[in-house]
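In order, the protein sequence lines correspond to chains A and B.
To convert, take the position in the first sequence, counting from 1, and add 50; that gives the numbering used here.
To convert, take the position in the second sequence, counting from 1, and add 1; that gives the numbering used here.
Note that CB positions come from ideal geometry on N, CA and C, so glycine has one too.
What you are looking at is a predicted structure, and each value in this text was computed from that prediction instead of being measured.
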Amino acid sequence: MPPLLSLEHIVKVYPGGTRALDDVSLQVERGEFVVLIGLSGSGKSTLLRCINRLVEPTSGRVVFDRTDVTAARGAELRRIRRRMGMIFQQFNLVRRSSVLHNALAGRLGYQPLWRTLAGRPSRVDLELAFANLERVGILGKAFSRADALSGGQQQRVGIARALMQRPDLMLADEPVASLDPATSHSVMRYLEEINHADGITVICSLHFLSLARRYGTRVVALKGGRVAYDGPPAGIDDGRFREIYGEDAVEVEIGPGQDAPLLAKVPTGAEASAAEHLIDIPDR
Amino acid sequence: MSAKYFTARGLPVPAELGPAWRTSWRRWTAIAATLAVLAVGVRITDIDTSRANPEYAAQIVFGQLFRPDWNALFSMEDVESVWDTGLGLMVVTIMLAVVATAASIVLALPFSFLGARNIMSGHPVSLAVYSAVRLLFTIIRSIDILIVGIIGVILFSIGNAAGVFAIGFHNVGVLGKLYSEAIENIDQGPIEAVTATGANRLQVIWTAVLPQIVTPFIALTIYRLDANVRFAPILGFVGAGGIGLVLFQNLQLLRYPQAGAIILAIVITVAAMDFFSAQIRKRLL
Chain A
51 MPPLLSLEHI VKVYPGGTRA LDDVSLQVER GEFVVLIGLS GSGKSTLLRC INRLVEPTSG
111 RVVFDRTDVT AARGAELRRI RRRMGMIFQQ FNLVRRSSVL HNALAGRLGY QPLWRTLAGR
171 PSRVDLELAF ANLERVGILG KAFSRADALS GGQQQRVGIA RALMQRPDLM LADEPVASLD
231 PATSHSVMRY LEEINHADGI TVICSLHFLS LARRYGTRVV ALKGGRVAYD GPPAGIDDGR
291 FREIYGEDAV EVEIGPGQDA PLLAKVPTGA EASAAEHLID IPDR
Chain B
2 MSAKYFTARG LPVPAELGPA WRTSWRRWTA IAATLAVLAV GVRITDIDTS RANPEYAAQI
62 VFGQLFRPDW NALFSMEDVE SVWDTGLGLM VVTIMLAVVA TAASIVLALP FSFLGARNIM
122 SGHPVSLAVY SAVRLLFTII RSIDILIVGI IGVILFSIGN AAGVFAIGFH NVGVLGKLYS
182 EAIENIDQGP IEAVTATGAN RLQVIWTAVL PQIVTPFIAL TIYRLDANVR FAPILGFVGA
242 GGIGLVLFQN LQLLRYPQAG AIILAIVITV AAMDFFSAQI RKRLL
């Protein structure tokens with residue numbers, strides 16, 4: 051079986067001349083949980099956006115499930131996009147709209163235009179929205195305005211919106227960078243669950259290597275727009291770490307229950323499992 | 002000054018810390034230039050106060066204008082309907098502004114999307130449309146409302162139609178620009194997210210843009226309605242209808258007590274509009 055996603059020699063040069071991606075090739079198999087790491091500006095966001103063409107690659111090819119994404123236009127591109135969910139660092143909810151409306155936005159790619167304009171989602175879509183909101187534990191907030199929710203709750207709405215698409219691939223752009231450590235784990239666990247239970251392939255960019263080790267089945271490191279490492283999380287030793295993050299870097303731990311996680315060490319197994327109990331994951 | 006800090010360390014001294022005369026030289030030039038412009042202005046405008054007549058002015062203002070003849074507002078003599086009385090004309094003038102504002106919304110609303118950079122960027126053709134629309138708004142705004150009023154009177158002859166035309170035309174330019182800027186100020190994140198779901202352009206606007214602009218649009222519209230109610234009485238001076246026409250006639254006939262009553266009605270109306278529009282906008286935002 052061909053890979054679910056294949057990136058071939060992707061180059062992205064922004065109008066200012068910044069070479070954000072410099073010949074990136076990558077193949078992602080079904081069911082993988084790929085974590086993208088790298089410094090700010092290493093090209094993680096650009097790479098994710100080249101996959102669903104929110105950013106237009108300068109050259110190279112993106113092939114998704116045997117379809118050439120880079121060649122797709124108009125309706126064909128939208129049909130591809132609806133099979134890729136995406137969640138964002140800043141959640142990107144319509145803040146003035148209700149949680150339910152935000153979730154329903156995930157169905158737009160399947161919805162006839164008149165339903166959007168009339169504001170009348172189908173019964174099936176409505177029930178799917180309730181089901182997905184219940185799944186991420188915020189059904190009770192369905193009729194609240196999105197900006198009335200906490201950061202972690204808003205990100206869960208973002209996940210529900212993406213799940214509404216019934217995607218084959220989930221793109222997550224720094225999904226926990228705006229969240230506190232405990233909430234971060236909660237959100238990552240939802241991603242882990244949709245990866246395990248629904249078999250949705252996940253490509254997720256993260257700042258913290260500790261989260262990458264904990265949740266990723268594979269780590270891809272970008273440096274200066276090139277792939278600096280591609281392999282299992284365990285393969286990143288001190289030497290590799292300095293290669294990716296620079297000589298002066300010190301690994302930072304992000305864990306629940308720590309007030310100041312800066313410069314802390316990677317927890318031992320016992321510490322990590324003790325910490326797990328502090329994670330607040332609502333019933334689902 | 003503290004340039005020593007830099008010289009002591011062998012660092013180049015920033016220009017800002019250079020000799021004091023350099024900054025003061027600029028300052029004195031600016032002051033001298035301003036005074037020179039002012040002097041020339043006073044000279045060529047030739048302000049002549051020798052013909053001022055304070056006693057006459059006091060007699061007119063306090064003796065006649067400030068002793069309003071309320072009949073000018075309420076009297077039903079010589080008029081065909083209640084809308085031709087002073088008060089009736091005040092209501093007509095407000096409605097003139099309301100109708101003109103409504104008409105301008107119909108035009109400004111669709112054009113404002115074409116004049117919003119964040120909606121139109123991404124394609125050279127749409128970007129050209131954006132520039133053209135914004136240029137159009139600017140041209141419309143640069144024609145003073147009284148001039149549009151005069152053109153309206155030429156077009157429709159004296160009366161309310163000219164006033165509606167003047168306010169409506171001018172307001173398309175103002176409201177279009179304000180709407181466009183409101184669209185440009187929205188959060189781009191939801192647009193990106195909704196685009197990523199596979200929605201088409203219209204669905205993106207409907208779902209991610211509209212909810213963000215409804216409140217600012219209402220606030221801006223009320224603000225413009227307030228401004229237009231202010232314009233409407235003045236437009237009567239060029240014949241573009243409303244209570245201003247009657248005020249102008251009374252002033253021409255030196256009927257100051259009648260004019261005083263009308264001016265008072267206008268002041269109260271404008272003040273009330275100002276107050277209510279501020280209250281509503283405060284509650285919205």
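Practice prompt. Starting from A/F138, follow the beta strand (DSSP E) in both directions and report where the run begins and ends.
Written response: Here A/F138 belongs to no beta strand (DSSP E), and DSSP marks it neither H nor E.
Worksheet item: When the Cα of A/G249 is compared with those of A/F83, A/S95, A/Q77 and A/G266, which residue comes out closest?
Response: Of the listed residues, the one whose Cα sits closest to A/G249 is A/F83.
Worksheet item: Is A/M238 close to chain B, meaning its C-beta is less than 8 Å from at least one C-beta of that chain?
Response: Under the Cβ criterion of 8 Å, A/M238 is not counted among the residues facing chain B.
Worksheet item: So, is the C-beta of B/T208 closer than 8 Å to a C-beta in chain A?
Response: Output row for B/T208: interface = yes.
Worksheet item: chain A beta carbons: is any one of them nearer than 8 Å to that of B/L286?
Response: Chain A contact via Cβ: absent.
Fill in: Contact residues within the segment 194-225 of chain B, judged by C-beta distance below 7 Å to chain A
Considering only beta carbons, the part of the segment 194-225 of chain B lying closer than 7 Å to chain A consists of A194, V195, T196, A197, T198, G199, A200, N201, L203, Q204, W207, T208, A209, P212 and Q213, in chain order.
Worksheet item: For the beta strand (DSSP E) that A/S109 lies in, which residues bound it at each end?
Response: Run containing A/S109: S109 to F114, per the beta strand (DSSP E) assignment.
Item to complete: Please determine if the segment 261-269 of chain A and the segment 281-296 of chain A are in contact, where contact requires at least 3 C-beta pairs separated by less than 8 Å.
Response: These segments touch.
Worksheet entry | 8 Å Cβ cutoff met for A/A196 and A/R128 | In this structure, A/R128 does not lie closer than 8 Å to A/A196 by Cβ.
Worksheet item: From B/R225 to B/V38, what distance separates their C-alpha atoms?
Response: Approximately 35 Å between the Cα atoms of the pair.
Worksheet item: Is A/L272 closer than 8 Å to A/K62 when the C-beta atoms are compared?
Response: The beta carbons of A/K62 and A/L272 sit no closer together than 8 Å.
Worksheet entry | C-alpha distance - A/Q203 paired with A/A168, whole-angstrom precision | Distance between the alpha carbons of A/Q203 and A/A168: 28 Å.
Fill in: Partner residues on chain B for A/G159, Cβ-Cβ distance less than 9 Å
Within chain B, the residues near A/G159 are T198, G199, A200, N201 and Q204.
Fill in: Cβ-based neighbour list, B/T86, same chain, cut-off 8 Å, excluding 5 preceding and 5 following
Residues of the same chain with a CB within less than 8 Å of the CB of B/T86, apart from the 5 flanking positions on each side, are L74, F75, S76, M77 and V80 in chain order.
Worksheet item: Whose CA, out of A/S228, A/Y240 and A/N152, lies closest to the CA of A/R185?
Response: With distances taken between Cα atoms, A/R185 lies closest to A/Y240.
Worksheet item: Can you list, in chain order, the residues of its chain whose CB lies under 6 Å from that of A/R276, leaving out five sequence neighbours each side?
Response: Cβ within range, chain order: D72.
Fill in: For A/N182 and A/M214, believed in contact at Cβ under 8 Å, the rounded distance
The Cβ separation is near 6 Å, so the contact holds.
Worksheet entry | Spatial distance of A/T233 from A/D118 (CA atoms) | If you draw a straight line from the Cα of A/T233 to the Cα of A/D118, it is about 37 Å long.
Worksheet entry | Identity of the residue in A/P231, A/L163, A/D223 and A/I294 nearest B/W207 by Cα | Measuring from the Cα of B/W207, the nearest candidate turns out to be A/L163.
Discussion item. Please list, in chain order, the chain A residues whose beta carbon lies closer than 9 Å to that of B/D188.
Written reply: At a C-beta separation below 9 Å, B/D188 has these neighbours in chain A: Q140, N142, V144 and R145.
Fill in: Under 8 Å from the C-beta of A/R131: neighbouring residues of chain B
In chain order: T196, A197, T198 and G199.
Worksheet entry | Proximity winner among A/I130, A/S109 and A/A70, relative to A/L55 (alpha-carbon distances) | Of A/I130, A/S109 and A/A70, the residue nearest in Cα terms is A/I130.
Discussion item. Contact criterion: CB-CB distance below 8 Å. Does B/P191 meet it with respect to chain A?
Written reply: True, the Cβ-Cβ gap to chain A drops below 8 Å.
Worksheet item: Do you know whose CA, among B/I151, B/L179 and B/G199, lies nearest B/T139's CA?
Response: Ranking B/I151, B/L179 and B/G199 by Cα distance to B/T139 puts B/L179 first.
Worksheet item: Is B/I32 buried or exposed, if buried means 16 or more other CB atoms sit within 10 Å of its CB?
Response: Result: exposed.
Discussion item. To the nearest angstrom, how far is the alpha carbon of A/D280 from that of A/I188?
Written reply: Per the coordinates, the alpha-carbon of A/D280 lies some 36 Å from the alpha-carbon of A/I188.
Fill in: Stretch-stretch touch, CB-based, cutoff 8 Å, three pairs: the segment 190-197 of chain B with the segment 218-233 of chain B
The answer is no - the segment 218-233 of chain B does not touch the segment 190-197 of chain B, with fewer than three Cβ pairs under 8 Å.
Practice prompt. Determine the contact status of A/S255 and A/D223, defining contact as a CB-CB distance below 8 Å.
Written response: Contact annotation: A/S255 and A/D223 have beta-carbon atoms nearer than 8 Å.
Worksheet item: Can you tell me whether DSSP reads A/M51 as helix, strand or coil?
Response: If DSSP states are grouped into helix, strand and coil, A/M51 belongs with coil.
Item to complete: Mark A/R157 as exposed unless 16 or more other C-beta atoms lie within 10 angstroms of its C-beta, in which case mark it buried.
Response: Its Cβ being crowded by 16 or more others within 10 Å, A/R157 is buried.
Worksheet item: Who are the near neighbours of A/F141 in its chain, counting only those whose CB is closer than 6 Å to its CB and skipping five residues on each side?
Response: Closer than 6 Å at Cβ, skipping near neighbours: Q204, Q205 and G208.
Worksheet item: In angstroms, rounded to a whole number, what distance separates the CA positions of B/S143 and B/G177?
Response: Cα-Cα distance, rounded: 13 Å.
Worksheet item: Going by alpha carbons, who is nearest to A/T120 out of A/S172, A/Q161, A/P171 and A/H59?
Response: With distances taken between Cα atoms, A/T120 lies closest to A/H59.
Worksheet item: Which whole-angstrom value describes the C-beta separation of B/M91 and B/T270, a residue pair presumed to lie in contact below a C-beta threshold of 8 Å?
Response: At roughly 6 Å, the Cβ-Cβ gap stays under 8 Å, so B/M91 and B/T270 are in contact.
Discussion item. For A/L86, list the residues DSSP reports as bridge partners.
Written reply: For A/L86, which the question treats as bridged, DSSP gives the partners A/S255 and A/V270.
Worksheet item: Buried or exposed: which applies to A/L178, given that a residue is buried once 16 or more other Cβ atoms fall within 10 Å of its Cβ?
Response: Under this definition A/L178 is a buried residue.
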